[in-house]
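Numbering (full-length UniProt numbering), first residue to last: 1 to 242. Quick reminder that beta carbons are idealized off the backbone N, C-alpha and C, glycines included. Here is the structure we will look at.
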Amino acid sequence: MGATAFHAARPRRRLGRHRPADRPRSGVPRPGRRPAARHLTPVARRGPNAQRHARSRAALLQAARTAFAREGFTSTRTGDIVKDTGLTRGALYHHFTDKLTLFDAVVEQVAKQVADRVDAAAQQEPTTLKALHRGCEEWFDAMTDPQLRRIYLIDGPAVLGWRRWREIDNLHGGGTLRTGVQAVLTERGDRDLDLEPLLALLSGALNEAAIWLAESDDQPTARRQLHTSLNALLNRLFPPPT
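Dropping the structure here:
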């Protein structure tokens, strides 16, 4: 918004007319004069406008998230998303360039929420290794939700491409995993393991394990097996310092 939006347009001075005595050439009222109310009106409206903007965006994200989880990216139509919010199609394209941009925002929202959930669970544990283990378990629990799994693990990389999906994952869930693994390595003084390839291996394993668990016909049994396998993997990978 340009600077002219915050000031009323000045009338063009006609030849032969005198400038009012209370207004100097600079356009600033002389001392003792109160500024016209019109100079304050646009500023006063900024708050409500920003709130409406945020509410509209949040409504679009929620409706899109529900639709993408239910129908998948390909089958979801922007017209249905707009209809569910009561907003106009113009409002959608004011906030998001297209359906892909909207889906990108939904994936990032899901990634952040899952990462916050994993962080909260890990922080309850007394040691770095237990925190890492608890965080992995919480990740599995989150991905048993079919809506989260479809958006984040299935459609996410397929629609956005692996590069963009990894950018989002590294910013949120991958960042959480990095912090946990780095803390364990630092605590144990382990210099034999390189962080980056280790993170790639663990991240891929966790994602595949989450899908395997979700597709199991006997999830309680699969969950117990996964817990035992994860515990064995982490204990062998990060043995106690000697």
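For F96, does the three-state DSSP call read helix, strand or coil?
Your numbering for residue 96 matches position 96 in the sequence shown. In this structure, DSSP gives F96 a state outside helix and strand, which the three-state scheme calls coil.
Whole runs of the beta strand (DSSP E) within the segment 105-173, excluding any shorter than 3 residues
Counting whole runs of 3 or more residues, the segment 105-173 contains no beta strand (DSSP E) stretch at all.
Quick one, are the C-beta atoms of F140 and V184 less than 8 Å apart?
Here residue 140 corresponds to residue number 140 of the sequence shown, with the count starting at 1. Here residue 184 corresponds to residue number 184 of the sequence shown, with the count starting at 1. Between F140 and V184, the gap from beta carbon to beta carbon reaches 8 Å or more.
Option nearest E71 by Cα separation, candidates R150, L61 and R52:
Residue numbering aside, residue 71 sits at position 71 when the sequence shown is read from its first letter. For E71, the nearest C-alpha among the options comes from R150.
Suppose the cutoff is 8 Å on Cβ atoms and the five residues either side in sequence are ignored; what does the same chain contact list for residue 247 look like?
In the structure displayed, the chain extends from 1 to 242; residue 247 sits before or after that span and is not available.
Which of helix, strand or coil does DSSP assign to R77?
Walking along the sequence shown from the start, residue 77 turns up at place 77. Coil at R77, not helix or strand.
Would L213 and A222 qualify as a contact pair, given that the criterion is a beta-carbon distance under 8 Å?
Position 213 of the sequence shown, counted from the start, is the residue given in the question as residue 213. Position 222 of the sequence shown, counted from the start, is the residue given in the question as residue 222. Yes, the pair counts as a contact, with Cβ atoms nearer than the cut-off.
Pick helix, strand or coil for R191, following the three-state DSSP scheme.
In the sequence shown, residue 191 corresponds to position 191, counting from 1. The three-state reading of DSSP puts R191 in coil, since its state is none of H, G, I, E or B.
In the DSSP assignment, find the alpha helix (DSSP H) that holds S229 and state where it starts and stops.
Along the sequence shown, read from residue 1 onward, the residue named residue 229 stands at position 229. It spans Q219 to L237 - the alpha helix (DSSP H) in which S229 sits, taken as one unbroken run.
Determine whether the beta carbon atoms of L129 and L92 lie at a separation below 8 Å.
Position 129 of the sequence shown, counted from the start, is the residue given in the question as residue 129. Position 92 of the sequence shown, counted from the start, is the residue given in the question as residue 92. In this structure, L129 lies away from L92, with their beta-carbon atoms at least 8 Å apart.
When you compare only the Cα positions, how much space is there between D217 and L153?
Here the question's residue 217 lines up with position 217 in the sequence shown. Here the question's residue 153 lines up with position 153 in the sequence shown. Rounded to whole angstroms, the separation of the alpha carbons of L153 and D217 is 19 Å.
Closest residue to R77 among L100, H95, S56 and R57 (Cα-Cα distance)
The sequence position of residue 77 within the sequence shown is 77, counting from 1. Ranking the options by Cα distance to R77, first place goes to L100.
Suppose the cutoff is 7 Å on Cβ atoms and the five residues either side in sequence are ignored; what does the same chain contact list for A111 look like?
Numbered from its first residue, the sequence shown carries residue 111 at position 111. Once the five neighbours on either side are set aside, the close Cβ partners of A111 are Y152, I168, D169, H172 and G173.
Pick from Q62, F103 and F73: whose alpha carbon is nearest that of A84?
The residue labelled residue 84 in the question sits at position 84 within the sequence shown. Checking the sequence, you will find Asp at residue 84 rather than Ala. Across the set Q62, F103 and F73, the C-alpha of Q62 shows the shortest separation from the C-alpha of D84.
Going by C-alpha distance, which of Q147, A142 and A122 is nearest A64?
By one-based count along the sequence shown, residue 64 stands at place 64. With distances taken between Cα atoms, A64 lies closest to Q147.
Secondary structure at T88, three-state DSSP: helix, strand or coil?
The sequence position of residue 88 within the sequence shown is 88, counting from 1. Assigned with DSSP and collapsed to three states, T88 falls in coil, not helix or strand.
Here's the rule: buried if 16 or more other CB atoms are within 10 angstroms of the residue's CB, otherwise exposed. What is I211?
If you number the sequence shown from 1, residue 211 lands on position 211. I211 is exposed by the Cβ-count criterion.
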